[in-house]
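Everything on this sheet refers to the single structure shown next.
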Amino acid sequence: MIDSLLVLRQLIQKLFNYKHQLTIQSKQVKKLADYELTSDDWNVFTTTTNSPNKTNSTGNLNKSAIDIFNESIGDIHYEESRRGENTRATIVNEFQNYRKYATQFNLKHKPDATSAIIFWRTYGDTFSILRGLAKKMLSTPATSVPSESCFSLSSSLGRKERVCLTGDNLSSSVFLKDKINF
1 MIDSLLVLRQ LIQKLFNYKH QLTIQSKQVK KLADYELTSD DWNVFTTTTN
51 SPNKTNSTGN LNKSAIDIFN ESIGDIHYEE SRRGENTRAT IVNEFQNYRK
101 YATQFNLKHK PDATSAIIFW RTYGDTFSIL RGLAKKMLST PATSVPSESC
151 FSLSSSLGRK ERVCLTGDNL SSSVFLKDKI NF
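Per the UniProt record's numbering, residue 1 is the first one in the sequence shown, and the count goes up by one each step.
Below, the structure written as structure tokens:
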């Protein structure tokens, strides 16, 4: 499908360039302007068609999980019903925009442990639906079992009966109890 768009690129660009000369209503001109492809969009299309698609299992081993996810976005077309049409269109549009921005981001930044956080700080306001999901997935839980057990142990050692312990001795006892398993 992308190949057919690239073949018709000149015709599509002429349509958008001469949209004001067409005999259509102003509402239709605005709608046509919303669908207009930018040079960045055309570059994404040409990059997508020029990149080799590896379908074997060894090819997928070299790709990161985010690359495989990004390649899968935008290839599926949904039949739209009247109810939920706007919501589905918004979600699909957000995934397409995410793919575009993620591709641009990955070209500029080296992927590492903090790149996801940097991406969402930079582009988070662009995605109203995906932002909440990313925030939920990238956040650290407020409590964890090891930290709770450490506080429980320190409160046990710091009771009234053991008031004679100094702060250093209490700290050392908690450390040893944590490291030595009986």
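Quick reminder that beta carbons are idealized off the backbone N, C-alpha and C, glycines included. Treat the numbers as computed from the prediction; the structure is a model and nothing was measured.
Practice item. Below 6 angstroms CB to CB, which residues in the same chain sit around Phe-127 once its five sequence neighbours on both sides are set aside? Key: As a first step, residue 127 is located in the sequence shown; it is residue number 127 there, counting from the start. Here the set comprises Glu-94.
Check your understanding: If you run the structure through DSSP and keep just helix, strand and coil, what is Ile-118?
Key -> In the sequence shown, the residue the question calls residue 118 occupies position 118. Three-state result, Ile-118: helix.
Review point. Under 8 angstroms between the Cβ atoms of Trp-120 and Leu-133?
Key: Residue mapping note: residue 120 aligns to position 120 of the sequence shown, counting from 1. Residue mapping note: residue 133 aligns to position 133 of the sequence shown, counting from 1. Contact flag unset, no.
Check your understanding: What residue does the alpha helix (DSSP H) around Lys-63 start on, and which one ends it?
Key -> Your numbering for residue 63 matches position 63 in the sequence shown. It is not in any alpha helix (DSSP H) - Lys-63 carries neither H nor E in the DSSP assignment.
Check your understanding: What's the C-alpha gap between Lys-177 and Gln-96?
Key -> Here the question's residue 177 lines up with position 177 in the sequence shown. Here the question's residue 96 lines up with position 96 in the sequence shown. Looking at the two C-alpha atoms, the distance is approximately 52 angstroms.
Check your understanding: Would you call the CB atoms of Ile-180 and Ile-129 closer than 8 angstroms?
Key -> Sequence index remark: in the sequence shown, residue 180 carries index 180 (1-based). Sequence index remark: in the sequence shown, residue 129 carries index 129 (1-based). Not closer than 8 angstroms, so no.
Check your understanding: How many Å lie between Glu-80 and His-109 at the Cα?
Key -> For this step, residue 80 is matched to residue 80 along the sequence shown. For this step, residue 109 is matched to residue 109 along the sequence shown. For Glu-80, the pLDDT reaches just 46, beneath the cut-off of 50, and the residue's location in the model is therefore unreliable, leaving the point undetermined.
**Study point:** Through-space distance from Leu-32 to Tyr-123, alpha-carbon basis
**Key:** Here residue 123 corresponds to residue number 123 of the sequence shown, with the count starting at 1. Here residue 32 corresponds to residue number 32 of the sequence shown, with the count starting at 1. So the two alpha carbons sit approximately 26 angstroms from each other.
**Study point:** Phe-105, DSSP secondary structure in three states
**Key:** Sequence index remark: in the sequence shown, residue 105 carries index 105 (1-based). DSSP places Phe-105 in helix when its eight states are reduced to three.
**Study point:** Euclidean distance between Cα positions of Gln-13 and Thr-140
**Key:** What you label residue 13 is simply residue 13 of the sequence shown in a count that begins at 1. What you label residue 140 is simply residue 140 of the sequence shown in a count that begins at 1. Each residue's alpha carbon lies about 47 angstroms from the other.
Point to revise | Span of the alpha helix (DSSP H) around Gln-134 | key: The residue labelled residue 134 in the question sits at position 134 within the sequence shown. The sequence as given places Ala at residue 134; Gln does not occur at that position. It spans 128-138 - the alpha helix (DSSP H) in which Ala-134 sits, taken as one unbroken run.
Review point. Roughly how many angstroms separate the alpha carbons of Thr-103 and Arg-88, rounded to a whole number?
Key: Reading the sequence shown from its first residue, position 103 is the one you call residue 103. Reading the sequence shown from its first residue, position 88 is the one you call residue 88. In a straight line, the C-alpha of Thr-103 is about 23 angstroms away from that of Arg-88.
Check your understanding: Going straight from the alpha carbon of Asn-62 to that of Asn-86, what length do you get?
Key -> Position 62 of the sequence shown holds residue 62. Position 86 of the sequence shown holds residue 86. Their backbone Cα atoms lie some 37 angstroms apart in a straight line.
Review point. Using DSSP with H/G/I as helix, E/B as strand and the rest coil, what is Ile-180?
Key: What you label residue 180 is simply residue 180 of the sequence shown in a count that begins at 1. Three-state DSSP puts Ile-180 in coil, outside helix and strand.
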